[in-house]
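**Student:** Numbering (this note's numbering), first residue to last: 214 to 385.
The following block contains the structure, expressed as structure tokens.
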Ligand SMILES: CC(C)(COP(=O)(O)OP(=O)(O)OC[C@H]1O[C@@H](n2cnc3c(N)ncnc32)[C@H](O)[C@@H]1OP(=O)(O)O)[C@@H](O)C(=O)NCCC(=O)NCCS
């Protein structure tokens with residue numbers, strides 16, 4: 214039986230030229246209400262927050278951002294892996310890169326608001342009551358049409374309690 218060759222992918226810091234591909238990825242899932250839309254302007258302004266996963270042909274397969282919110286707190290935002298590339302460890306590696314950057318920055322906690330808590334649990338996050346997050350993190354939520362009755366789940370990773378993550382995943 215013929216098998217489709219799967220190209221390896223690397224996770225790297227985003228470059229300005231990646232912004233349209235990042236927006237395309239996010240839009241795919243935002244149109245299904247699985248994550249928030251991001252304008253191209255927002256992505257350019259925050260491009261230094263982003264990581265991307267890229268295959269050998271330069272195609273962007275995944276993205277995710279680490280956004281510092283407050284003295285000890287950062288959020289993982291806009292995490293998305295193209296459907297064809299899911300299940301290969303790419304999402305996990307993007308999260309690992311974000312968490313390790315947060316550690317280098319001296320942050321104590323990384324959180325995410327997500328409909329995929331099981332995925333984050335696989336990388337070492339734990340579910341918390343949203344009310345335990347500081348008010349600062351709700352700035353963006355106030356602008357979201359789904360704010361009232363939001364079903365996103367808060368997950369956190371406590372850097373103070375953990376050693377460096379042991380992951381450096383071979384991505385098939
Ligand atoms: C959630 C998402 C980023 C996961 O990316 P991915 O590259 O497919 O995930 P990985 O291959 O790195 O999976 C890592 C681990 O999580 C598990 N996992 C992945 N998605 C999962 C899910 N939806 N439920 C439970 N476990 C999941 C995998 O089985 C794997 O487990 P393992 O470590 O035991 O092998 C991807 O499915 C996606 O982009 N979804 C749509 C957008 C979205 O919901 N983004 C999250 C917004 S916060």
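The C-beta atom is built at its ideal place from N, Cα and C for all residues, glycine as well.
Keep in mind it's a predicted model, so treat the numbers as computed, not measured.
Can you tell me the Cα-Cα spacing of residue 285 and residue 233, whole angstroms?
**Tutor:** Taking the first residue of the chain shown as 1, we reach residue 285 at position 72. Taking the first residue of the chain shown as 1, we reach residue 233 at position 20. Answer to the nearest angstrom: the Cα atoms are 31 Å apart.
**Student:** What separation, rounded to the nearest whole angstrom, lies between the Cα atoms of residue 370 and residue 341?
**Tutor:** Mapped onto the chain shown, residue 370 falls at position 157. Mapped onto the chain shown, residue 341 falls at position 128. In a straight line, the C-alpha of residue 370 is about 10 Å away from that of residue 341.
**Student:** From the DSSP output, which residues share a beta bridge with residue 279?
**Tutor:** Along the chain shown, read from residue 1 onward, the residue named residue 279 stands at position 66. In the DSSP output, where bridge partners are listed per residue, residue 279 has 289.
**Student:** Starting from residue 257, follow the alpha helix (DSSP H) in both directions and report where the run begins and ends.
**Tutor:** Here residue 257 refers to the residue found at position 44 of the chain shown. Residues 253-258.
**Student:** What residue range is occupied by the uninterrupted beta strand (DSSP E) comprising residue 267?
**Tutor:** Numbered from 1 along the chain shown, position 54 holds the residue referred to as residue 267. From DSSP, the beta strand (DSSP E) with residue 267 extends over 263-268.
**Student:** My output table needs one value for residue 226: the three-state DSSP class, helix, strand or coil.
**Tutor:** Taking the first residue of the chain shown as 1, we reach residue 226 at position 13. Here residue 226 sits in strand by DSSP.
**Student:** Could you pull the DSSP bridge partners for residue 325 from this structure?
**Tutor:** Position 112 of the chain shown, counted from the start, is the residue given in the question as residue 325. Its beta-bridge partners are 368.
**Student:** With C-beta atoms as the reference, is residue 325 less than 9 Å away from residue 292?
**Tutor:** Taking the chain shown and counting its residues from 1, the one referred to as residue 325 is at position 112. Taking the chain shown and counting its residues from 1, the one referred to as residue 292 is at position 79. Cβ atoms of residue 325 and residue 292: closer than 9 Å.
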